[in-house]
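Residue numbers (our numbering): 7 to 135.
Structure, rendered in structure tokens:
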């Protein structure tokens with residue numbers, strides 16, 4: 007799978023470097039090349055990637071971040087994907103932080119052998135220097 011694209015982002019509220027709450031909208035035009043299997047079909051599709059993103063930091067070190075995407079195929083708007091990525095992060099001490107991520111994907115026409123709905127949850131510890 008390969009993607010190429012370009013687009014715009016509009017900041018509705020705040021700036022990431024100065025605000026405790028940040029909200030933005032964006033849209034991207036994408037060309038998608040997807041080879042499902044060696045014997046399967048090859049897709050060359052044009053899609054939009056429309057998204058809304060927010061970041062909230064109610065106190066120092068604690069963050070809630072979410073981005074939700076709507077990706078319709080331009081030739082057929084009934085072929086779309088919805089993806090939401092959320093992340094919760096909070097400090098454990100001066101250098102370490104805990105991170106929990108949740109991703110949810112819905113695809114109206116997934117490749118063969120792939121479910122329409124997909125859920126992934128990850129937990130981890132990170133460090134800042």
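Ideal Cβ positions, reconstructed from N, Cα and C, are used throughout, including at glycine.
Local Cβ density within 10 Å of residue i, reported as buried at 16 or more and exposed below that
i	result
residue 55	buried
residue 135	exposed
residue 115	exposed
residue 79	buried
Chain-order list of residues whose beta-carbon lies under 6 Å from that of residue i (same chain, five-residue window excluded)
i	result
residue 48	41
residue 74	58, 90
residue 20	27, 28
residue 125	110
residue 61	28, 71
Segment limits, beta strand (DSSP E) that includes residue i
i	result
residue 27	27–41
residue 77	68–79
residue 92	82–97
residue 65	48–65
residue 128	123–133
Within 9 Å, strictly: CB atoms of residue i and residue j
i	j	result
residue 107	residue 82	no
residue 110	residue 95	no
residue 53	residue 18	no
residue 35	residue 12	yes
Integer-rounded CB distance, given that residue j should sit under 8 Å from residue i
i	j	result
residue 71	residue 102	Not quite, the Cβ-Cβ distance comes to about 18 Å (not below 8 Å), so this is no contact.
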